[in-house]
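Asks:
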Amino acid sequence: MPAFRQAGQKTFITVVLIAAVAVSAVGQNLIQQCILNASAPYQPHTPLIPCDNLPLDFLECSEPLDLKGNETARQDLGYGCTKWGGNRYEEVQMTAVNCSVLPNIECWGNRTFHREGFPCLKYSGHYFVTTLLYSILLGFLGMDRFCLGHTGTAVGKLLTVGGLGIWWVVDIVLLVTGNLMPEDGTNWMPYA
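See below:
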């Protein structure tokens with residue numbers, strides 16, 4: 520009797536495992552069909568969310584397209600940057616970029632799409648606080664201007680020892696008011 524019971528338990532466990540594998544395979548197949556079939560209607564009762572609703576943490580997005588001032592190309596494409604930078608939010612042009620979902624993230628719909636709302640900003644490693652400290656501590660030697668790429672005026676400031684102190688104070692005021700920016704037209708690096 521005990522040998523029969525053990526054989527029955529082994530058979531039962533084997534049947535359960537085979538059924539679990541079959542159900543798992545069918546479930547994975549259905550999920551893959553939902554992921555690949557973007558033309559199928561979205562079913563909100565599934566665990567999949569639309570790919571274009573994923574947060575940026577799960578996406579890899581390209582840099583904004585530089586159209587080099589060509590407004591006609593921007594109108595034709597519907598996206599791209601014709602103007603870079605700006606000091607205020609209203610001055611910054613917004614664009615769409617091409618985003619794709621990271622591997623092993625399951626979602627519904629196309630895994631590559633355009634996402635709106637990216638600012639046309641370029642960064643080149645200039646930090647405002649660092650430059651302000653250079654201006655306060657070593658501004659009479661033109662260190663702030665050298666840091667920002669204004670080499671000609673930096674040499675003049677160095678040779679005149681900060682314009683006898685006047686140029687030094689003026690540059691601190693210009694930095695704080697946002698009128699002294701990097702020479703290459705980039706924006707200040709954000710602290711993340």
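The numbering used here puts the first residue of the sequence shown at 520, with every later residue one more than the last. Quick reminder that beta carbons are idealized off the backbone N, C-alpha and C, glycines included. Note that the coordinates shown come from a computational prediction; the quantities given were computed from them, not determined experimentally.
1. By DSSP, does Ile-565 sit in helix, in strand, or in coil?
2. Give a yes or no on whether the C-beta atoms belonging to Lys-676 and Gly-697 are separated by under 9 Å.
3. Whole angstroms is fine: what's the gap from Leu-693's alpha carbon to Pro-638's?
4. One question on the structure: do Asn-629 and Asp-571 come within less than 9 Å of each other, judged by their Cβ atoms?
5. Between which two residues does the alpha helix (DSSP H) containing Thr-650 stretch?
6. Can you give the Cα-Cα distance for Asp-595 and Asp-585, rounded to whole angstroms?
7. Using CA coordinates, which residue listed in Asn-623, Leu-640, Ser-581, Thr-631 is at the minimum distance from Met-613?
8. For Tyr-642, which beta-bridge partners are listed by DSSP?
9. Provide the residue(s) that pair with Thr-614 in DSSP beta bridges, ordered along the chain.
10. DSSP puts Val-620 in a beta bridge; with which residues?
11. Going by DSSP in three states, Cys-666 sits in which element: helix, strand or coil?
Replies: In this structure, then:
1. Looking up residue 565 in the sequence shown gives position 46. One detail in the question is off: residue 565 reads as Thr in this sequence, not Ile. Reduced to three states, the DSSP call for Thr-565 is coil.
2. On the sequence shown, position 157 is the one that residue 676 refers to. On the sequence shown, position 178 is the one that residue 697 refers to. In this structure, Gly-697 does not lie closer than 9 Å to Lys-676 by Cβ.
3. In the sequence shown, residue 693 corresponds to position 174, counting from 1. In the sequence shown, residue 638 corresponds to position 119, counting from 1. Going from the Cα of Leu-693 to the Cα of Pro-638 covers about 25 Å.
4. The sequence position of residue 629 within the sequence shown is 110, counting from 1. The sequence position of residue 571 within the sequence shown is 52, counting from 1. Contact flag set, yes.
5. Residue mapping note: residue 650 aligns to position 131 of the sequence shown, counting from 1. Note, Thr-650: alpha helix (DSSP H), 647-657.
6. Position 76 of the sequence shown, counted from the first residue, corresponds to residue 595. Position 66 of the sequence shown, counted from the first residue, corresponds to residue 585. Each residue's Cα considered, the two are about 14 Å apart.
7. Within the sequence shown, numbered from 1, the residue matching residue 613 stands at position 94. With distances taken between Cα atoms, Met-613 lies closest to Leu-640.
8. Counting from one through the sequence shown, the residue named residue 642 turns up at place 123. Asn-706.
9. On the sequence shown, residue 614 is found 95 positions in, with the first residue counted as 1. Answer by DSSP bridge pairing, in chain order: Phe-637.
10. Counted from its first residue, the sequence shown places residue 620 at position 101. DSSP lists Leu-578 as partners of Val-620.
11. To locate residue 666, count along the sequence shown from 1; it is residue 147. In the structure shown, Cys-666 sits in a helix (DSSP, three-state: H, G or I).
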